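Heads up, the sequence shown is in the numbering used here, so the first residue is 2 and it goes up one at a time. Note that beta-carbon positions come from the ideal geometry of N, C-alpha and C, so glycine has one too. Just so you know, these numbers come straight off a predicted model, no measurement behind them. Following: one structure in structure tokens, then a few remarks.
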Amino acid sequence: MMYLFLADIAANPGKGRLLFIWDRATPEAKVIIVILVLFSIFAWSIMASKAMQMRRAKRLNRLFEAEFRTQKTVMDIFDRRVQVDDCPLFSVYQEGCKEMDARLKQPDTGRKRAISLKSMEHIKRTLEGTVAQQSLRLESGLIMLAIAVSGAPFLGLLGTVWGVMDTFGAVAMRGRADLATMAPGVAAALITTVAGLLVAIPSMFGYNWLVHNLRVLTVELDNFAQDLVSKMETEYLEE
């Protein structure tokens, strides 16, 4: 959003006030604005990529869970060697079934009919670890949005304070203070605060929306892992 605002200034020279403010900005303020433009591009790219990733994960989760509910036994999908890339629920299911298969295997007689309580505890820990891994994978990148939300306003404030300091320094050197002398410098200083807010506000909304979706997906993973363990215990745990 912020870089579109600056591009609009450059593309429309008739907007005298904005162009005048940009021209009067100090070199330090312009450097900060360029940094904020990079922050904005990076933040928007993260928001777009994470939104697509979570939307795809939700869709695949629904499809996989619907298929899982139709299976007669908990290992049916695993035995058919089905692969569902980028599906968090399938990743949890796959790791749990791999561990279960390893516990059931015997050298020459195929699978055992049941496993011990201790083996089931190992499977539970495997599922818990996989749920944590999938949550971290979905969460990756959100820290940059958090940095944009918290850091951009401070960068903007730094540019503003620097610009105001420069303006008052110039006034002190001239030995007189009037509106015509101070207003351009103060206005130019405030543009960095505006730029910082234009980065932080969309990033804040995007971050909160993504965190909400991450929590929903994490709860779904936890619930599925518990349901999977329950089915495994029903079918394979020794009496």
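For residue i, write down the residues that DSSP places opposite it in a beta bridge.
i	result
L238	I116
Q107	G111
Can you tell me where the alpha helix (DSSP H) holding residue i begins and where it ends?
i	result
D167	143-175
D77	77-80
A26	No alpha helix (DSSP H) contains A26, which DSSP labels as neither H nor E.
Looking at C-alpha atoms only, which residue of the options is the closest neighbour of residue i?
i	options	result
R138	T219, W45, F40	T219
Q54	V172, V230, S136, M233	S136
L1	V172, L146, N224, V212	Residue 1 cannot be examined here, being either before or after the span of the chain that is shown, 2 to 240.
M205	V150, R60, A184, A226	V150
R82	Q95, K73, L90, N209	Q95
F79	F91, A133, D86	F91
G97	R70, G130, A115	G130
L39	V187, L20, R175, A153	A153
E100	G170, G157, I116, M174	I116
A26	A201, L215, V162	V162
V200	K113, I144, I34	I34
Buried or exposed: which applies to residue i, given that a residue is buried once 16 or more other Cβ atoms fall within 10 Å of its Cβ?
i	result
E122	exposed
R1	With the chain covering 2 to 240 only, the question about residue 1 has no answer from this structure.
I124	buried
P28	exposed
A49	exposed
P14	With a pLDDT of only 49 at P14, under the threshold of 50, the placement of this residue in the model should not be trusted; the figure read from the coordinates follows. Exposed, since its Cβ has fewer than 16 Cβ neighbours within 10 Å.
N62	buried
G164	buried
S258	Residue 258 is absent from the structure shown; the chain starts at 2 and stops at 240.
L156	buried
T235	exposed
Since I believe residue j is in contact with residue i (beta carbons under 8 Å), could you give me their beta-carbon distance rounded to a whole number of angstroms?
i	j	result
A190	G160	7 Å
T193	A44	Actually they do not touch by this definition, with Cβ atoms about 17 Å apart.
D223	V132	6 Å
G186	T168	3 Å
With a threshold of 7 Å, establish whether the CB of residue i neighbours any heavy atom of the ligand NAD.
i	result
S117	As presented, the structure is devoid of all ligands, the ligand NAD included, so that no description of it is given.
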